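J.: Take a look at the following structure, please.
2 protein chains.
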Amino acid sequence: MARVYEMVELELKGEAPIGSQVEVDVKAEITCDEKTWNLKGFYAGNHIYKVRFLPEETGTYRYKITGVVTGEGTVEVCPADGNHHGIVRADGTHLRHEDGTFISTFGTTVYALAHQTEEITEETFSSLECGAFNKIRMCVFPKHYEYNKNEPGHFAFHRAESEKDVVFRDNLGGERSVKPFDTHRPDFDFWEDFETKLNRLFDMGIQVDLILFHPYDRWGHSHMAQESNLRYLDYAIRRLAAYPNIWWSMANEYDLFYDWKMEQWHEIETYISVNDPYRHLLSNHKCFLEYDYGREAITHVSVQTGVLSRVAEFQKEFGKPVCYDECCYEGNLKETWGSISAKEMVNRFWKVTVTGGYCTHGEVILEDDIVTQEQQDNAILWWAKGGKLKGESPARIKFLRDLVESLPAPLEPYAVGLNKIMLMSKEELNSVMNVVPEDMRGFFSIFYKMGEKEKLYQFLPAYSYAGHIGEEVYLYYLGTDCPARFRPEVASGKSYRAEIINVWDMTREVVEKDYQMGDELRLPGREYTAILLNVQV
Amino acid sequence: MARVYEMVELELKGEAPIGSQVEVDVKAEITCDEKTWNLKGFYAGNHIYKVRFLPEETGTYRYKITGVVTGEGTVEVCPADGNHHGIVRADGTHLRHEDGTFISTFGTTVYALAHQTEEITEETFSSLECGAFNKIRMCVFPKHYEYNKNEPGHFAFHRAESEKDVVFRDNLGGERSVKPFDTHRPDFDFWEDFETKLNRLFDMGIQVDLILFHPYDRWGHSHMAQESNLRYLDYAIRRLAAYPNIWWSMANEYDLFYDWKMEQWHEIETYISVNDPYRHLLSNHKCFLEYDYGREAITHVSVQTGVLSRVAEFQKEFGKPVCYDECCYEGNLKETWGSISAKEMVNRFWKVTVTGGYCTHGEVILEDDIVTQEQQDNAILWWAKGGKLKGESPARIKFLRDLVESLPAPLEPYAVGLNKIMLMSKEELNSVMNVVPEDMRGFFSIFYKMGEKEKLYQFLPAYSYAGHIGEEVYLYYLGTDCPARFRPEVASGKSYRAEIINVWDMTREVVEKDYQMGDELRLPGREYTAILLNVQV
């Protein structure tokens, strides 16, 4: 039975395409009441063509399929079952499902989930049952990297065996010479298996930040001609765009494609945004060089950084949701990106989350008995292959997620102390100077004299992490600060219930039922404390 | 008996000065072998004039005093007793006593030490016996600040009762109207008491970073006319310059003197450097706006910052020793500068120290039973008044100090990983590009494209903290990184003894007696680990 917010699939038998199996002429006109959608179908192999669409309202959907296969009929679409809320879209700096429900994402990373054995995959899905995560970052193409060198069972496309080799140096320095991929010929086994995973993730309510390109490659996926890149996107969009739970991540670490020009990325960005009939979330993840998140088609900021204080800054600059899609991984590797402690991972989630951003986890815990290079290549690290979660951060992330989901609306950054000044332009400082008490003007005058670099150096380590929901909720996170007394700012003249949260021990304690602006709270003076203040009605 | 590196004091009786008790005409010519020093004496009250000098070599010192008092004679100066090593001076980016001994300073902060009761002072000196610290930052003038509002017993100068009031707003916003200080009239009781403390600190081998001006003031010391400021310096230099253990800190948070012009600071700087016959270390401590540490008379960098990765940057920019004279305080205050955990304080010391910088501690632990404003004003917090050290960081700082003092020479920053690139100019990048393997050039090309701000954001959280002493010693500090395996870089072809250090538990364990470049060490995978590698001979 078709339901709102669940993909509808129409299947038609036909002749196998002659020539391209991607650029097939299958058009679908879907109508419901006054509305019409013009979509493309795709060839799924074995003489089967499919058209997929995503109903977002109840009603009778009439379809008319023309081209190499034809068909028409109706689909009755019932109301949503309550478990699904539709595509996630940016709403200002927040994320909201199609039905209006807000979502705070708690991401994790299993880059090569699409290319693992059934056994590992089953473990991965069991692990995801922990409920810490409602978003996963994963790649379409296989991944070649330290601790992750297994040969995938299937590629997204067959190779063009008759063409001459593509020669390139892979990301680990190896010389490679391979037949190019023929993006006219999808490997249907791959796509079916891939969609099995997407379906399971959908059933679990997990958003999929789908990484379309990445540079960790020995097979040639990162060295295709641009027309092949676009053809691949054509196929991916025809097949996948009706999935309600996918986001398009143009790349992971796009800037590590050293010989790609920026125009190429812009072309890919435009191609996706023009051709995706549902306009899923779209961004481009960076390593060193920020992509221009101000571009119109880019729906949100997707960054890799260990500077946790930038949510408000990005929000102000771009007016879009801010995803910290990489901030190092909980683990014990020799690599600095893979050796932060569980405490530090949790610390980072709290900093990003309380200030209204969305954070992503990863785990790279290498067992002691893994010694040789071969053992390392075959190690099962969550961040690449999935498997079992071994770390201590997911339980704490779940605790944070539960807390955030209990709030009435999304958190916004709340500027306290010097944070207020941090993001001010000269003009804003001017307007403030007119209202600050005379005895504070000397202090404020300093901020006119600070250069950009001086400001950064000054404020980064002094940043205060706090969020609020209007005057209803305030949430302060103190990190390694250990005040024994604290006067969280709240709205004047209102009464709040104050809870002290130990983010590591996962305890919450109501310490004051009538907290008012100016009051002082006693805190335990311990690291990793948060304070939640809910207005009393 | 006079000794090298100990102050010699000559005392002469005379008429009390008529007019200024500071600008007294007492000249001393000191000669020893071929050398001559022309010094000024000072009036110490009670018809006593004093001339002080600091012998730095053995020999017969002949003095001839002229002016309002006269006298001549000789002083026989014996060799140093081995406990004292003379004035600390900058030697490149390191600190070295006059006798050539290197010193790594481990500072603490007791701003208002000069203005406390005997009881508290005795406790302070007992606390300093812990041996964690060999430098203290303290003010000449009393301090008016939260948790520190006591009235001092004596000021450095008497007030000019007949002059009209100086009206100003104090640093906490209070309106003040006081008689100006008469810097022609020192309060000798103050100076004697002050010197008792300097002498005790000298005996304990503690350097005194003497803060000459500061803005936390309700009495008017920060609102004197510039000619009074200079006259005060005249007296301070006449009295104190022969102390081997003092450094001149022009100010604490000089930039919080909102109405002082930069020229005023330059004049003070020049005055001190021209008039101090021994050219003690001289710097100016900042809050927000960096002083120009490149100025010729400035001997070292004295900063307040929570960005711990700047030692190498400052060294490169200025070629001078780098003192992190404020990086927040261990404590439990509501103020963010006073609530870092002991672990974080220790973490900061390690980061600064292993990279060849010098860090300063402070402690602000407020007892639970202190509730009222009056109790808070009278609280005894180490950072202001001294008293008992209650925190957990000093023992760990002592542990670090012992380790550093066991090394054969001062640590220099050792650039590992991306640190190497962090400080490179475009020109340096160019020269590197010529030698990096071809397959790394794409990666390196990224760094040409990064803006200043992007670079900072990128590198600050990824900074690796490591130091070395040539090829003899390497010291890595991992902070919250928890690798279970690690390949510290050492010189090729040499063998090292590898020790794993738990900087919090204060344990050292030799884990490998023949560590060579490229080997892998197993680490405990715990936060706050350091690795010390000593070359084997």
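Top to bottom, those sequences are chains E and D.
Going letter by letter, the first sequence gives residues 1 to 537 in this note's numbering.
Going letter by letter, the second sequence gives residues 538 to 1074 in this note's numbering.
Just so you know, even glycine gets a beta-carbon here, dropped at the ideal spot from N, CA and C.
Remember, predicted model here, so these are calculated numbers, not experimental data.
1) For chain D, is any of its Cβ atoms less than 7 Å away from the one on Leu-373 (chain E)?
2) How long is the line joining the alpha carbons of Ala-28 (chain E) and Ile-268 (chain E), rounded to whole angstroms?
3) Where does Arg-1024 (chain D) land, buried or exposed, given buried means 16+ other C-beta within 10 angstroms?
4) Tell whether a beta-carbon distance below 7 Å holds between Glu-11 (chain E) and Lys-388 (chain E).
5) Chain D beta carbons: is any one of them nearer than 7 Å to that of Glu-407 (chain E)?
6) I want to see whether chain E comes within less than 7 Å of Asn-869 (chain D), judged by CB atoms only; does it?
7) At a CB distance below 9 Å, what residues from the region 417–433 of chain E approach chain D? Give them in sequence order.
8) Quick check on Thr-480 (chain E) - is its C-beta less than 7 Å from some C-beta in chain D?
9) Given that Lys-453 (chain E) touches chain D, what residues does it touch there, using C-beta distances under 9 Å?
10) Is it true that the CB of Glu-949 (chain D) sits closer than 7 Å to the CB of Gly-893 (chain D)?
11) From the beta carbon of Pro-592 (chain D), is the nearest beta carbon of chain C less than 7 Å away?
12) Quick check on the DSSP output: the beta strand (DSSP E) that includes Lys-455 (chain E) runs from which residue to which?
13) Asn-766 (chain D) lies in the alpha helix (DSSP H); which residues open and close that run?
14) Mind the definition here: the region 214–229 of chain E touches the region 65–81 of chain E only if three or more C-beta pairs lie below 8 Å; say whether that holds.
15) Should Arg-706 (chain D) be flagged as near chain E, meaning a C-beta pair shorter than 7 Å?
16) Could you give the first and the last residue of the continuous alpha helix (DSSP H) run that contains Val-166 (chain E)?
17) Across which residues does DSSP place Leu-533 (chain E) in a beta bridge pair?
18) Opposite Gly-107 (chain E) in the DSSP bridges: which residues?
19) In terms of residue numbering, what span does the alpha helix (DSSP H) encompassing His-266 (chain E) cover?
20) Whole angstroms is fine: what's the gap from Gly-362 (chain E)'s alpha carbon to Thr-1066 (chain D)'s?
21) State the beta-bridge partners of Pro-950 (chain D) as determined by DSSP.
22) Quick one: list the residues of chain D neighbouring Leu-460 (chain E), beta-carbon separation under 7 Å, in chain order.
23) Between the region 966–982 of chain D and the region 854–865 of chain D, do three or more beta carbon pairs fall short of 8 Å?
24) On the DSSP letters alone, give me the boundaries of the alpha helix (DSSP H) that Glu-344 (chain E) sits inside.
25) I need the boundaries of the alpha helix (DSSP H) containing Tyr-985 (chain D), first residue and last residue.
26) Against chain E, with Cβ distances strictly below 7 Å, would Phe-725 (chain D) count as a contact?
27) Can you confirm whether Ala-379 (chain E), when its beta carbon is compared against all beta carbons of chain D, has any partner nearer than 7 Å?
28) Where does Gln-373 (chain E) land, buried or exposed, given buried means 16+ other C-beta within 10 angstroms?
29) Relative to the C-alpha of Val-1048 (chain D), which candidate in D:Met-1054, D:Asp-1042, D:Leu-1058 has its C-alpha closest?
30) Thr-873 (chain D) and Asp-481 (chain E) look like a contact to me (Cβ under 8 Å); what is the Cβ gap, rounded to whole Å?
31) Locate the beta strand (DSSP E) running through Phe-794 (chain D), then write down its first and last residues.
32) Determine the chain E residues that contact Glu-827 (chain D) at a beta-carbon separation under 7 Å, and present them in chain order.
33) Using DSSP with H/G/I as helix, E/B as strand and the rest coil, what is Asp-481 (chain E)?
34) What's the gap between the Cα of Ile-211 (chain E) and the Cα of Trp-191 (chain E)?
35) Please decide whether Arg-1022 (chain D) counts as near chain E, where near means a Cβ-Cβ distance under 7 Å.
36) Name the DSSP beta bridge partners of Cys-328 (chain E), please?
T.: Taking the structure as given:
1) Going by the sequence as given, residue 373 (chain E) is Gln instead of Leu. Taking Cβ atoms only, chain D never reaches closer than 7 Å to Gln-373 (chain E), which makes this a no.
2) 24 Å
3) exposed
4) no
5) For the record, residue 407 (chain E) in the displayed sequence is Leu; it is not Glu. Output row for Leu-407 (chain E): interface = no.
6) Yes, its Cβ sits closer than 7 Å to a Cβ of chain E.
7) Gly-417, Leu-418
8) Yes, Thr-480 (chain E) counts as interfacial toward chain D.
9) Those are Glu-989, Lys-990, Leu-993, listed as they occur along chain D.
10) yes
11) Structure shown: chain C not included; protein chains present are E and D.
12) It is not in any beta strand (DSSP E) - Lys-455 (chain E) instead sits in the alpha helix (DSSP H) that spans 452–459.
13) 763–777
14) With fewer than three CB-CB distances shorter than 8 Å, the region 214–229 of chain E does not count as touching the region 65–81 of chain E.
15) yes
16) Counting along the chain, Val-166 (chain E) falls outside any alpha helix (DSSP H), though it belongs to the beta strand (DSSP E) covering 166–169.
17) Beta-bridge annotation (DSSP): Leu-533 (chain E) is paired with E:Tyr-474, E:Ala-498.
18) In the DSSP assignment, Gly-107 (chain E) is bridged to E:Lys-135, E:Thr-360.
19) Where His-266 (chain E) is concerned, the enclosing alpha helix (DSSP H) stretches over 262–275.
20) 22 Å
21) D:Gly-1004
22) Here the neighbours are Val-844, Leu-997.
23) By the Cβ criterion, the region 966–982 of chain D is not in contact with the region 854–865 of chain D, since fewer than three pairs of Cβ atoms, one from each stretch, lie closer than 8 Å.
24) From DSSP, the alpha helix (DSSP H) with Glu-344 (chain E) extends over 342–354.
25) Unbroken alpha helix (DSSP H) run through Tyr-985 (chain D): 975–986.
26) no
27) no
28) Answer is exposed; the Cβ neighbour count stays below 16.
29) D:Leu-1058
30) Confirmed, Cβ separation roughly 6 Å.
31) Per DSSP, Phe-794 (chain D) belongs to no beta strand (DSSP E) and is neither H nor E.
32) Glu-454
33) strand
34) 15 Å
35) Between Arg-1022 (chain D) and chain E, the shortest Cβ-Cβ separation is below 7 Å.
36) According to DSSP, which records beta bridges pairwise, Cys-328 (chain E) is partnered with nothing at all.
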